[in-house]
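Chains as they are written, first to last, in my numbering: chain A, 50 to 462; chain B, 50 to 462. Below is one structure; the comments refer to it alone.
Now the structure itself:
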């Protein structure tokens, strides 16, 4: 898209946002484990949370806060303990965390949002939290986006950040983001977390709608192991510091902002899938021909999440039969006579009939695609058409390797 | 239950059934790959099939046959090629297979049912099938149950058979069964297959209802990798050769027959889960307190199918947080304040509050349970209560090991 461009930076690229990350002693490893995003002025806030019935205290806390008031000044994020399945005491810890950081920032506790990632069933180490918060707040910086991104990761191999910029009315408007997650729930660690900042101003309901749509086409379309977390959270803040006119309804500017928001979410989502536990490559599934987009997305998710498809890709085995089987069990009606399956440029099945193809060339494609030979990225492309409908959808996942099992079976983690 | 007892034997334990299995040359490995079950008289036939939109030719074939006439004389089962995603030519192969075996048995083609397991996208090797069928039919035997059970397996480590007997009106009535399946869809191999014979006589609609209920509490409650096959099939035949009165409606005799049928299905289903690809133990999940049985079964399936729960058990890690997380994302509403989780006899969570427990003892339990120290079987027990409802459900799975990935990533399989 020429309407915006990627710039360097992260959640502190948009004006009026500071961030930071420190090692507060929450993680046994003594690495960075506490992050803060701060807006100099009250920001419109939107959130999308896990659909699980077993939710972390921070998820219930944020939902309550955002229902009462769709704005915030800061987001406090801890890694190490998920504070999920921790009962009443965990809830008290969440309230206390918000109060501690609010006091230090000199804002009301209601202006604080929270997110946690780490071991499920473990309460936050509140002594470390309490002694860390003054240092945390003191280290807030306009340049702190990358530091914050490092403090929210658990088993991720790399921090995940992006920033985009567009020009509206002659002024730059920026959206920045950071995310973590490598298993949907990690070993004991947990969760996919995403944080987005924007210096444009958007009406509250519109901002929430934009975020929900963007998440449906990005974070909700990635799968590493099919396990939805107790803590999954995406929070987006818009503080209006770009001084451009507030966007009150859908229109050209709103479309640009939503486009940028969606790209930020998709970039971060793909980065999470690529960094999936034990993954050697990213797998992108494109589904077309469905009756509606949600059906297409559902099939794409099912294929990307199939253990058998994932194992085959790890083995560089062009096993299109497993792709057909995964499409078939997605819970979406279609006629198998219409099925068309491509792996990269290799057409494996058309009109439901298997085609002759060169198996060794197709395996070679998988090997090279996984190494990044074609897209300058380590991406394996699977294209599936299920009929004549106009519904399309994408999903992203990774292959399933020995290391996934190793990471997740490790008693000591 | 004292109303029936286990006896030796398999699908040929009930009167009037013969079976056999031979190496017809369908599998490259030259091991046994073609099986036949034959009833000396027309038998009432019921079937439960995969819900996938991508179905093997044999599945569509059996559905059509059973819709036209709910009885059969024989079931022909091949291993090696799944005959799924094979288009019109695969359909013709299915028809031809039925005709070939019908001619040799001197029965109408409409009396033949079919099942296939093997590589998806591969047509049956019809030359081997055609030359093998006369030998197959000639080798039918009253003692052929075990031989047949060996001929239907693909990557299973052991054949799976059982037979039960009860006495009705002073006469023995028997139910026998055999099954295969170790990944829900194997590497390239496919499928869970189950075949049940009974020498009692049951009204057609009642037999189908009994089978459907039994399958819902057994085969539908096991999961190895979450991948529903294109070929999943359970077929049950009842030929009346016990000469006991026909069971026309629910009542005491019907309950005994359904109890036996359910036990046969559960025994075979657990045997499949225990023999899951790469598995080191069976995992049994018991859910109570749900509003209805289907909700309880759904939660049980989700826990048994969670990659994270499965990896933890492989690592002998008493990670109850993952069990809570899996319960939460099952799509069933409950209050997390009601959650109660036990691992063996270790109570980990009660009223949604985490409890102190001895982690090393709990890990020791997992190690010993997986080795079969407690139940004389290699079974790890997970018990979850989600509220005050009367709904209960069970599911069975296995742990997730390095070997699962190895088996499924092997390009040469």
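Backbone N, C-alpha and C fix where the C-beta goes; we use that ideal spot for every residue, glycine too. Since the model is a prediction, treat every value here as computed from it, not as a measurement.
(1) My output table needs one value for residue 247/A: the three-state DSSP class, helix, strand or coil.
(2) Going by beta carbon distance, what residues of the same chain come within less than 6 Å of residue 63/B, once the five residues before and after it are set aside?
(3) Under 8 Å, Cβ to Cβ, is there at least one residue of chain B near residue 207/A?
(4) Looking only at its chain, what residues have a beta carbon closer than 7 Å to the beta carbon of residue 191/B, apart from the 5 residues adjacent to it on each side?
(5) Could you tell me the distance, in whole angstroms, from the CA atom of residue 140/B to the CA atom of residue 167/A?
(6) Check each residue of the stretch 60–91 of chain A: if its Cβ is closer than 7 Å to any Cβ of chain B, include it; give the result in chain order.
(7) Which bits of chain C does residue 451/A rub up against, with CB to CB less than 8 Å?
(8) Residues in its own chain within less than 6 Å of residue 217/A by CB, not counting five upstream and five downstream?
(9) Could you give the DSSP three-state label for residue 387/B: helix, strand or coil?
(10) Could you tell me whether the Cβ of residue 237/B comes closer than 8 Å to any Cβ of chain A?
(11) Cβ closer than 7 Å: which chain B residues qualify as neighbours of residue 278/A?
(12) Ignore the nearest five residues each way along the sequence and tell me which others in residue 252/B's own chain have a CB closer than 6 Å to its CB.
(13) Residues of chain A with a CB under 8 Å from the CB of residue 388/B: which are they?
(14) DSSP puts residue 220/A in a beta bridge; with which residues?
(15) Taking Cβ positions only, does residue 398/B come closer than 8 Å to chain A?
(16) Can you round the beta-carbon distance between residue 321/A and residue 188/A to whole angstroms, since I take them to be within the 8 Å contact cut?
(17) Quick check on residue 144/A: does DSSP put it in helix, strand or coil?
(18) By the criterion of Cβ-Cβ separation under 9 Å, what are the contact partners of residue 271/B in chain A?
(19) Counting only beta-carbon separations shorter than 8 Å, does residue 58/B have a partner in chain A?
(20) Pick from 326/B, 254/B, 272/B, 427/B: whose alpha carbon is nearest that of residue 286/B?
(21) Note down, in chain order, each residue of its chain lying with its Cβ closer than 8 Å to the Cβ of residue 363/A, except the 5 sequence neighbours on either side.
(22) Taking 8 Å as the CB-CB cut-off, is residue 460/A touching chain B?
(23) Would DSSP call residue 404/B helix, strand or coil?
(24) Let me see if you follow: with CB-CB separation under 8 Å, is residue 114/A close to chain B or not?
(25) Between residue 380/A and residue 347/A, how many whole angstroms is the CB-CB distance? I'm expecting something under 8 Å.
(26) What whole-angstrom Cβ distance do residue 355/A and residue 375/A have, given they're in contact under 8 Å?
(27) Measuring from the CB of residue 379/A, is there a heavy atom of the ligand PLP at a distance below 7 Å?
(28) In its own chain, which residues sit with a C-beta less than 8 Å from the C-beta of residue 377/B, not counting the 5 before and 5 after it?
(29) How would you list, in chain order, the residues of chain B whose beta-carbon sits under 9 Å from the beta-carbon of residue 347/A?
(30) Using a Cβ-Cβ cut-off of less than 9 Å, give me the residues of the stretch 169–192 of chain A that come near chain B, in sequence order.
(31) Would you please verify whether the beta carbon of residue 130/B is less than 8 Å from any beta carbon of chain A?
(32) State yes or no: is the beta carbon of residue 350/B nearer than 8 Å to at least one beta carbon in chain A?
(33) Suppose the cutoff is 8 Å on Cβ atoms and the five residues either side in sequence are ignored; what does the same chain contact list for residue 455/B look like?
(34) What is the DSSP secondary structure of residue 53/A, counted as helix, strand or coil?
(35) For chain A, is any of its Cβ atoms less than 8 Å away from the one on residue 369/B?
(36) So for residue 351/A, helix, strand or coil by DSSP?
So, from the listed chains and residues:
(1) strand
(2) 223, 225, 246, 247, 248
(3) no
(4) 61, 67
(5) 52 Å
(6) none
(7) Chain labels in this structure do not include chain C; the protein chains are A and B.
(8) 293, 302
(9) helix
(10) With a pLDDT of 40 at residue 237/B, under the threshold of 50, the predicted position of this residue should be treated as unreliable, though the coordinate-derived value follows. With 8 Å as the cut-off, residue 237/B counts as an interface residue toward chain A.
(11) 374
(12) 297
(13) 103, 134
(14) 217/A
(15) yes
(16) Incorrect: roughly 26 Å between the Cβ atoms, too far for contact.
(17) helix
(18) Within 9 Å Cβ-Cβ: nothing; residue 271/B doesn't reach chain A, min ~15 Å.
(19) no
(20) 254/B
(21) 329, 448, 449, 450
(22) Residue placement at residue 460/A is flagged as unreliable, the pLDDT there being 46, under the threshold of 50; the coordinate-derived value follows with that caveat. By this cut-off, residue 460/A is an interface position.
(23) coil
(24) no
(25) 7 Å
(26) 4 Å
(27) In the structure shown, the ligand PLP is absent, as is every other ligand, since no ligand is present at all.
(28) 385
(29) Those do not exist, as residue 347/A stays about 12 Å from chain B at its closest Cβ, beyond 9 Å.
(30) 169, 170, 171, 172
(31) no
(32) no
(33) 327
(34) coil
(35) yes
(36) helix
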